[in-house]
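Below you'll find the structure, written out as structure tokens, and then a few comments.
2 protein chains.
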Amino acid sequence: MPARFELHGIAFSGPTYKVGLMLTLAGEPFDYVHVNMMAGEHKQAAHMARQRYGQVPLLVDRSNGRHLCQSAAILEYLADMTGRFGGATLDERLQAREWLYWDFDRLASQIYRARTIKLGIRPAHPEVYEAHVAGGNAALKVLDQHLTGRSWVVGESATIADIDLYGVVAYAGEAGIDLAPYAQIAPWMARVEALPGFKGPRDLLPMESREAA
Amino acid sequence: MPARFELHGIAFSGPTYKVGLMLTLAGEPFDYVHVNMMAGEHKQAAHMARQRYGQVPLLVDRSNGRHLCQSAAILEYLADMTGRFGGATLDERLQAREWLYWDFDRLASQIYRARTIKLGIRPAHPEVYEAHVAGGNAALKVLDQHLTGRSWVVGESATIADIDLYGVVAYAGEAGIDLAPYAQIAPWMARVEALPGFKGPRDLLPMESREAA
């Protein structure tokens, strides 16, 4: 029987990793489709018909034919559909969503962009890079202070807020941002990494398409 | 009887405006609390206890005591609680959410930041401003193309996706971004502005606290 979920993306992509991490932590095997962005596959009609923004990731839910865009929206969908990592109560679910939007506004938009500049994928003026690093550090300080005295971002166990934020913070080093000043971040990352099924970015996604084992 | 909703923010804030616009379009009177950010009220304990990010807006739902952060998360909450602008089906609701995350990632993060630089509120290097303008224009192109042949961002009537995106695009001029190249944007904005109860940023939020009429 084919896997219920089909994830389209690239191994390099933090947002693709977030969705892969959610699936593996939820114990959902998934088929993986490598999108050849070098060849422009993400802007071709076949992809755009299901991923209107011409981005990765794209998640297909074969159980109902839905195709879903935007990594955080996909995490919310998977939490609802699998009953995993959505929080223990409606209030925790709402708080997790607040953190996802905060991440997109304050953290991911800075760290991911700093990373693409640092790695030479999208060259930019040094001042632009420094602005992303400064913004990323300001956001990391907020997250670090929030984690003081807490094990998880929301409530008493891991939620999609942890998965989403981990899938950004894990790339801080490649963005040239030092996590050492943030005392709560490393222990929190270790807790995420100790979750059953956890895999890091380099271990989770292959460099080519692959069916679920 | 006091209003059910209490909105804390500043008239200048696009995210505060988005929430006010949702409330007025949904026909929900709201008490408004001006946050004196010049005096640092947004970083004081009384505000931080309910708005953990030290930002505006903050929405209090007096019917259940909830306090909510992050403008897009508040729009989602209000759509669920009022039954307005959430889309006609679950699929439309999911699509609206995708657009909200896309906005936070690609559009709002560029236009709002370009605006604060342009208005001299947060000085930055010219290259940083230009990077935000370039990113904003790239996102506007995506929105413009999507609106071709459509009246609304999702489905056949206005949703929180329109309200959220309008609350960003309305500030493009102040950000120094010209909307003239985008043929679909002005007619779409006019449709939003024709919705019953619509008010523009300068008419909706006062410069001081005010109880619902």
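Protein sequences appear in the order of chains A and B.
According to the UniProt record's numbering, the first sequence is numbered sequentially starting from 1.
According to the UniProt record's numbering, the second sequence is numbered sequentially starting from 1.
No residue lacks a Cβ here, since even glycine has one placed at the ideal position from N, Cα and C.
A quick note: this is a predicted structure, and the numbers were derived from the prediction, not measured.
Query: Near R84 (chain A), what residues of its chain come up, given a Cβ to Cβ distance below 6 Å and the 5 sequence neighbours on each side ignored?; Result: A26
Query: From what residue to what residue does the beta strand (DSSP E) around H67 (chain B) run?; Result: 66–69
Query: Decide yes or no for the touch test of the region 76–90 of chain A against the region 105–125 of chain B: beta carbon pairs closer than 8 Å, at least 3 of them.; Result: no
Query: So, helix, strand or coil for D178 (chain A), using DSSP?; Result: coil
Query: What residues in its chain sit with their C-beta under 8 Å from that of H67 (chain A), if we drop five residues either side in the sequence?; Result: R50, Q51, L58, L59, V60, D61
Query: Going along chain B in order, which residues have a C-beta closer than 8 Å to the C-beta of Q70 (chain A)?; Result: R97, E98, Y101, W102, D105
Query: Extract the residue ranges of the alpha helix (DSSP H) inside the UniProt domain "GST C-terminal" (89–213) of chain B, only unbroken runs of 4 or more that lie entirely within it.; Result: 90–102, 108–118, 126–147, 160–169, 185–193, 201–204
Query: Can you find the residues in the same chain that come closer than 8 Å, C-beta to C-beta, to L165 (chain B), ignoring five residues on each side of it along the sequence?; Result: W99, D103, L107, L143, V153
Query: Is Y182 (chain B) near G14 (chain B), with beta carbons less than 8 Å apart?; Result: no
Query: Going by C-alpha distance, which of B:M48, B:R97, B:A180 is nearest A161 (chain B)?; Result: B:R97
Query: According to the Cβ coordinates, are V56 (chain B) and I10 (chain B) closer than 8 Å?; Result: yes
Query: In whole angstroms, what separates the C-alpha of T148 (chain B) from that of M38 (chain B)?; Result: 42 Å
Query: Taking only the alpha-carbon atoms, compute the straight-line gap between G54 (chain B) and A139 (chain A) and give it to the nearest angstrom.; Result: 12 Å
Query: Determine the direct distance from the alpha carbon of V35 (chain B) to that of L7 (chain B), and round the result to whole angstroms.; Result: 10 Å
Query: Can R150 (chain A) and S63 (chain A) be called in contact, C-beta distance under 8 Å?; Result: no
Query: When the cut-off is 8 Å and only beta carbons count, does H166 (chain A) lie next to chain B?; Result: Looking at the sequence shown, residue 166 (chain A) is not His but Tyr. Judged by the 8 Å Cβ criterion, Y166 (chain A) is not in contact with chain B.
Query: Shortest alpha-carbon distance to W188 (chain A) belongs to which of A:E174, A:P206, A:G167?; Result: A:G167
Query: Would you mind stating whether E127 (chain B) and V128 (chain A) have Cβ atoms separated by less than 8 Å?; Result: yes
Query: Would L204 (chain A) pass as a contact of A158 (chain A) if the rule is Cβ separation under 8 Å?; Result: no
Query: Indicate whether at least one CB of chain A lies closer than 8 Å to the CB of Y182 (chain B).; Result: no
Query: Where does A175 (chain A) land, buried or exposed, given buried means 16+ other C-beta within 10 angstroms?; Result: buried
Query: Assuming G54 (chain B) is part of the alpha helix (DSSP H), what are its boundary residues?; Result: Unbroken run through G54 (chain B): none, as it is neither H nor E.
Query: How far does the beta strand (DSSP E) with V35 (chain A) in it reach, from first residue to last?; Result: V35 (chain A) -> no beta strand (DSSP E), and no H or E assigned at all.
Query: For the beta strand (DSSP E) containing H8 (chain B), list its first residue and its last residue.; Result: 5–9
Query: Cα separation between L78 (chain B) and G155 (chain B)?; Result: 19 Å
Query: At what residues does the alpha helix (DSSP H) containing K43 (chain A) begin and finish?; Result: Unbroken run through K43 (chain A): none, as it is neither H nor E.
Query: From T16 (chain B) to S71 (chain B), what distance separates their C-alpha atoms?; Result: 7 Å
Query: Since A190 (chain B) and L179 (chain B) are thought to touch, with beta carbons under 8 Å apart, how far apart are those beta carbons, to the nearest angstrom?; Result: Contact doesn't hold; Cβ gap of about 12 Å is too wide.
Query: From V169 (chain B) to H42 (chain B), what distance separates their C-alpha atoms?; Result: 25 Å
Query: Kindly indicate the opening and closing residues of the alpha helix (DSSP H) around G86 (chain A).; Result: It is not in any alpha helix (DSSP H) - G86 (chain A) carries neither H nor E in the DSSP assignment.
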